[in-house]
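A.B. asks:
Protein chains: 2
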Amino acid sequence: MATYYIGVDLGGTNIKIGCFDADINLIEKTSVPTGAEMGPEVVADRIVASARELLTESGVSLDDVAGVGIGTPGPANYADGIVIKSTNMPKFKNTPLRDLIGKNGLGRPAILENDANVACWGEFAVGAGRNVTDMIFFTLGTGIGGGVVSNGDLVRGAGGNAAELGHVIIYPGGRKCNCGQRGCVEAYGSANSTAARAVDAIRAGGESTLKAVLDKKGDLTSKDVYEHSDAGDELAREITEGTAEALALMCVNMLHTTEPAKIVFTGGMIAAGDSLLSRIKHHFKQLVWTLKEEPLEICYATLGEDTGIIGAAALAEHAGKQGKLT
Amino acid sequence: MATYYIGVDLGGTNIKIGCFDADINLIEKTSVPTGAEMGPEVVADRIVASARELLTESGVSLDDVAGVGIGTPGPANYADGIVIKSTNMPKFKNTPLRDLIGKNGLGRPAILENDANVACWGEFAVGAGRNVTDMIFFTLGTGIGGGVVSNGDLVRGAGGNAAELGHVIIYPGGRKCNCGQRGCVEAYGSANSTAARAVDAIRAGGESTLKAVLDKKGDLTSKDVYEHSDAGDELAREITEGTAEALALMCVNMLHTTEPAKIVFTGGMIAAGDSLLSRIKHHFKQLVWTLKEEPLEICYATLGEDTGIIGAAALAEHAGKQGKLT
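Protein chains in written order, with the working numbering: chain A, 4 to 329; chain B, 4 to 329.
#1: Is the number of C-beta pairs between the region 7-26 of chain A and the region 71-79 of chain A that are closer than 8 Å three or more?
#2: Along the chain, where does the beta strand (DSSP E) that runs through C254 of chain B open and close?
#3: Looking at chain A, which residues of the region 252-283 of chain B have a Cβ within less than 9 Å of any of its Cβ atoms?
#4: Do V267 of chain A and G132 of chain A have their beta-carbon atoms positioned less than 7 Å apart in this structure?
#5: Going by the CB atoms, is the gap between A247 of chain A and I283 of chain A shorter than 7 Å?
#6: Starting from the C-beta of H286 of chain A, find all residues in its chain whose C-beta is less than 6 Å away, skip the five residues before and the five after it, and write them out in chain order.
#7: To which residues does DSSP link P36 of chain B through a beta bridge?
#8: Whole angstroms is fine: what's the gap from L1 of chain A's alpha carbon to F127 of chain A's?
#9: Please report how far the alpha carbon of L328 of chain A lies from the alpha carbon of R159 of chain A, in whole angstroms.
#10: Going by beta carbon distance, what residues of the same chain come within less than 7 Å of M257 of chain A, once the five residues before and after it are set aside?
#11: First and last residue of the beta strand (DSSP E) that includes V86 of chain B?
#12: Within 10 Å of its beta-carbon, does G235 of chain A have 16 or more other beta-carbons around it, so buried, or fewer, so exposed?
#13: I'd like to know whether the C-beta of T197 of chain B is nearer than 7 Å to at least one C-beta of chain A.
#14: Secondary structure at F95 of chain B, three-state DSSP: helix, strand or coil?
#15: For the putative contact between N120 of chain A and G150 of chain A, defined by C-beta atoms under 8 Å, what is the C-beta separation to the nearest angstrom?
#16: Report the residue from A:D137, A:G176, A:A316 whose alpha carbon sits nearest the alpha carbon of E300 of chain A.
#17: In the DSSP assignment, find the alpha helix (DSSP H) that holds Y229 of chain B and state where it starts and stops.
#18: Determine, for E167 of chain B, whether the minimum Cβ-Cβ distance to residues of chain A falls below 7 Å.
#19: Given a cut-off of 7 Å on the beta-carbon distance, is the pair L238 of chain B and A198 of chain B in contact?
#20: At a CB-CB cut-off below 7 Å, which residues of chain A make contact with T136 of chain B?
#21: Just to make sure I have the definition right: I need the residues of chain B whose C-beta is within less than 8 Å of the C-beta of N164 of chain A. Which are they?
#22: Measuring only between beta-carbons, confirm whether S53 of chain B sits less than 7 Å from chain A.
#23: Should D277 of chain A go down as buried or exposed, given a rule of 16 or more other Cβ atoms within 10 Å for buried?
#24: Using a 10 Å radius around the Cβ and a threshold of 16 neighbouring Cβ atoms, would you call G208 of chain B buried or exposed?
#25: Using a 10 Å radius around the Cβ and a threshold of 16 neighbouring Cβ atoms, would you call S225 of chain A buried or exposed?
#26: Determine whether the Cβ of S89 of chain A lies closer than 7 Å to any Cβ atom of chain B.
#27: Expressed to the nearest angstrom, what Euclidean distance is found between the alpha-carbon atoms of G177 of chain A and G186 of chain A?
#28: Nearest to E167 of chain A by alpha carbon, out of A:N107, A:P76, A:I85, A:R55?
#29: Under the assumption that I173 of chain B contacts M253 of chain B (Cβ atoms under 8 Å), give the Cβ distance between them as a whole number of angstroms.
#30: Any beta carbon from chain B within less than 7 Å of P76 of chain A's own beta carbon?
#31: Between T310 of chain B and A122 of chain B, how many whole angstroms is the CB-CB distance? I'm expecting something under 8 Å.
#32: Output the residue ranges of the beta strand (DSSP E) runs that lie fully inside the region 267-304 of chain B and measure 3 residues or longer, sorted by chain position.
#33: Under three-state DSSP, which class holds Y81 of chain A?
#34: I want to verify the contact list: residues of chain A whose CB lies under 9 Å from the CB of G183 of chain B, in sequence order.
#35: Comparing the C-beta of S193 of chain B with each C-beta of chain A, is any distance below 7 Å?
#36: What are the start and end residues of the beta strand (DSSP E) that includes N107 of chain B?
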């Protein structure tokens, strides 16, 4: 009986592949350079060859693979398994990646999903959200990625582009976002915007121990800002409070939209640890309604660096159960 | 074969009941006073008796009724069909209304849902949203009610309280909302808050043709504000622009959350007609990202006064298909 799953995490630099059992326990994993410059067919062939090798190492027969999950950056037509284009892989244009890897590659059914949804699904299925049916997921990095799980399923939207949560407007008329809007949560709550707001505040004349770092390096990271905030710098503290408040506003707004039982944060900035999470929770309590007590849990993700392959395999398992693997 | 549906719209003053065929075409309808002061058992008995009469008038046998849909104001435990309490029906306390009407009343399976979700489902199933899979629904009245349909199903949330869209915060630190939060869309975009903002602006010294109305009546309605706006009063125009902008912000934020194909507005304030809808669309275009063209359609509801019974019957039909009638 086919009860193993392959999870593929396709990035611009590396491809990670994992072989999983029916309970989405990792058996073996591997990583190979993407080689995107050689074009999508070569990339797909590389994924197929690496997956075959991985199965051999894992002692799993290809016939026992029930499905292949593939996570990829958008934009894509996920329903048809086609990558429309890719910033990091310019030769990918309307590439039918799902079928190149799946039925025409490994000869097994597959599903393609955007990487934020894949990571969200991993946390939902076997990570921080494994005991709930409704969850919101935020990745705090360069920008803010999102995922929405409602009643045990991903919310994909009318065109497969739901959960662009970084572009929910929280401060109308506020900071300009790369997307063309103003006041997006991404312009306040991401790692990059946390650093950028600190740079702006110092350049506007604010006093801070960060000034010496900025003068020396010419720029700041969110890590710098959190370190100086934790060390007692007032300007850095105000900036990190602003980050937490922006994210707490999103928690309130998501509560009133899809009513998650858990909101899960991940991404580079969660290295800030308790000084971020406890402040988000604090601001959430300040901002949320008083009509009734809300049991919403706000927490960090638990899966770590293998989230992409775990989520992809878990998604293949879920799609298989729904008869949605192609 | 059981192919008829009964839709019940339970309000504090009147109960509306409709008998529908399998395609949710209305056969007959009736309306009786709620008589809430006599307690929930009497109300349930009245609904059961009225539904029986209605079936007789419709020439439909009770055996041919596949399901009963009941819309009621919250808070309720919808999964178990229990009304927890009701502002307009104070004798309702942990009342198992679904079973009183359904299996223990008419002897037919039933479903209980909050009235905003029922209206949303009616528009989705047979109204403005009948040709889409993802929709957002707003009722603009005293407050703002909401409904979210994702991938062909209502989003109910972890505790059955999703889609409290009136309490999404759009202006942090802004106007106080009855819920205890500040800056909720309900405090800007509802009929009541449109009138209240006009009153506040005039009392703060603003010049307006509305001042004479306020002096005479002691208060304003949103209808007054739209009439004076349409007649060229500048203060009234600014207030109605503010209403449209608040609602447009919600459209942007819902687009990036569940990516609806349609956003449907209903409620008393849509009597304002094109002067509201065209301004919402205008502000949406101003506010939304430029990354890609968004095919989102923003429109008014189409079902009118029978929405409650239509939605309840349509929801019973849908729940029946899913095996979720009890």
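C-beta: ideal position from N, C-alpha, C; glycine also.
C.D. replies: Looking at the coordinates:
#1: Yes, the region 7-26 of chain A is in contact with the region 71-79 of chain A.
#2: Position 251 of the second sequence, counted from the start, is the residue given in the question as residue 254 of chain B. Annotation for C254 of chain B: no beta strand (DSSP E) segment contains it, though the alpha helix (DSSP H) segment containing it runs 237-261.
#3: Residues L252, V255, N256, M257, L258, H259, T260, T261, E262, P263, A264, K265.
#4: Residue mapping note: residue 132 of chain A aligns to position 129 of the first sequence, counting from 1. Residue mapping note: residue 267 of chain A aligns to position 264 of the first sequence, counting from 1. Yes, these two residues count as a Cβ contact at 7 Å.
#5: As a working note, residue 283 of chain A is residue 280 in the first sequence. As a working note, residue 247 of chain A is residue 244 in the first sequence. Going by C-beta atoms, I283 of chain A is nearer than 7 Å to A247 of chain A.
#6: The residue given as residue 286 of chain A occupies position 283 in the first sequence. Contacts found: A247, E248, A251.
#7: To locate residue 36 of chain B, count along the second sequence from 1; it is residue 33. P36 of chain B pairs with B:N17.
#8: Beyond the ends of chain A as shown, which are 4 and 329, falls residue 1 of chain A; an answer cannot be given.
#9: Taking the first residue of the first sequence as 1, we reach residue 328 of chain A at position 325. Taking the first residue of the first sequence as 1, we reach residue 159 of chain A at position 156. Approximately 16 Å between the Cα atoms of the pair.
#10: Stepping through the first sequence from its first residue, residue 257 of chain A is reached at position 254. Cβ within range, chain order: I139, P263, I266.
#11: By one-based count along the second sequence, residue 86 of chain B stands at place 83. Residues 85-88.
#12: Indexing the first sequence from 1 puts residue 235 of chain A at position 232. For G235 of chain A, the number of other beta carbons within 10 angstroms of its own is below 16, and it is reported as exposed.
#13: For this step, residue 197 of chain B is matched to residue 194 along the second sequence. Judged by the 7 Å Cβ criterion, T197 of chain B is not in contact with chain A.
#14: Along the second sequence, read from residue 1 onward, the residue named residue 95 of chain B stands at position 92. Here F95 of chain B carries a coil assignment [DSSP, helix/strand/coil].
#15: By 1-based counting over the first sequence, the position of residue 120 of chain A is 117. By 1-based counting over the first sequence, the position of residue 150 of chain A is 147. N120 of chain A to G150 of chain A, Cβ: 5 Å. Contact.
#16: Indexing the first sequence from 1 puts residue 300 of chain A at position 297. Of the listed residues, the one whose Cα sits closest to E300 of chain A is A:D137.
#17: On the second sequence, residue 229 of chain B is found 226 positions in, with the first residue counted as 1. Its alpha helix (DSSP H) spans residues 225-233.
#18: Looking up residue 167 of chain B in the second sequence gives position 164. Closer than 7 Å to some Cβ of chain A, the Cβ of E167 of chain B qualifies, so yes.
#19: Taking the second sequence and counting its residues from 1, the one referred to as residue 238 of chain B is at position 235. Taking the second sequence and counting its residues from 1, the one referred to as residue 198 of chain B is at position 195. It is not a contact, given that the beta carbons lie outside the stated cut-off.
#20: Counting from 1 along the second sequence, the entry for residue 136 of chain B is found at position 133. Annotation: Cβ neighbours of T136 of chain B in chain A (cutoff 7 Å, chain order): A161.
#21: Here residue 164 of chain A refers to the residue found at position 161 of the first sequence. Against chain B, the beta carbon of N164 of chain A has neighbours under 8 Å at E262, listed in chain order.
#22: Looking up residue 53 of chain B in the second sequence gives position 50. Not a single CB atom of chain A sits nearer than 7 Å to the CB of S53 of chain B.
#23: Residue numbering aside, residue 277 of chain A sits at position 274 when the first sequence is read from its first letter. Classification of D277 of chain A: exposed, given that the 10 Å Cβ count is below 16.
#24: Within the second sequence, numbered from 1, the residue matching residue 208 of chain B stands at position 205. Exposed: under 16 other Cβ atoms inside 10 Å.
#25: Walking along the first sequence from the start, residue 225 of chain A turns up at place 222. With 16 or more other Cβ atoms inside 10 Å of its own Cβ, S225 of chain A counts as buried.
#26: Reading the first sequence from its first residue, position 86 is the one you call residue 89 of chain A. For S89 of chain A, the answer is no, since every Cβ of chain B falls outside 7 Å of its Cβ.
#27: Reading the first sequence from its first residue, position 174 is the one you call residue 177 of chain A. Reading the first sequence from its first residue, position 183 is the one you call residue 186 of chain A. Cα to Cα, G177 of chain A sits roughly 4 Å from G186 of chain A.
#28: The residue you call residue 167 of chain A lines up with position 164 of the first sequence. A check of alpha carbon separations from E167 of chain A across A:N107, A:P76, A:I85, A:R55 identifies A:P76 as the nearest.
#29: The residue labelled residue 173 of chain B in the question sits at position 170 within the second sequence. The residue labelled residue 253 of chain B in the question sits at position 250 within the second sequence. Between M253 of chain B and I173 of chain B the Cβ distance is about 7 Å, and since that is below 8 Å, they are a contact.
#30: Position 73 of the first sequence, counted from the first residue, corresponds to residue 76 of chain A. P76 of chain A does not count as touching chain B.
#31: Residue mapping note: residue 310 of chain B aligns to position 307 of the second sequence, counting from 1. Residue mapping note: residue 122 of chain B aligns to position 119 of the second sequence, counting from 1. With 8 Å as the limit, T310 of chain B and A122 of chain B qualify as a contact, their Cβ atoms being about 5 Å apart.
#32: Those beta strand (DSSP E) runs which fall completely within the region 267-304 of chain B and span 3+ residues are 300-303.
#33: The count along the first sequence starts at 1 and reaches residue 81 of chain A at position 78. Coil.
#34: Position 180 of the second sequence holds residue 183 of chain B. Under the 9 Å cutoff, chain A gives V291, W292, T293, L294.
#35: Working through the second sequence from its first residue, we reach residue 193 of chain B at position 190. Not an interface residue.
#36: Translated into the one-based positions of the second sequence, residue 107 of chain B becomes position 104. No beta strand (DSSP E) contains N107 of chain B, which DSSP labels as neither H nor E.
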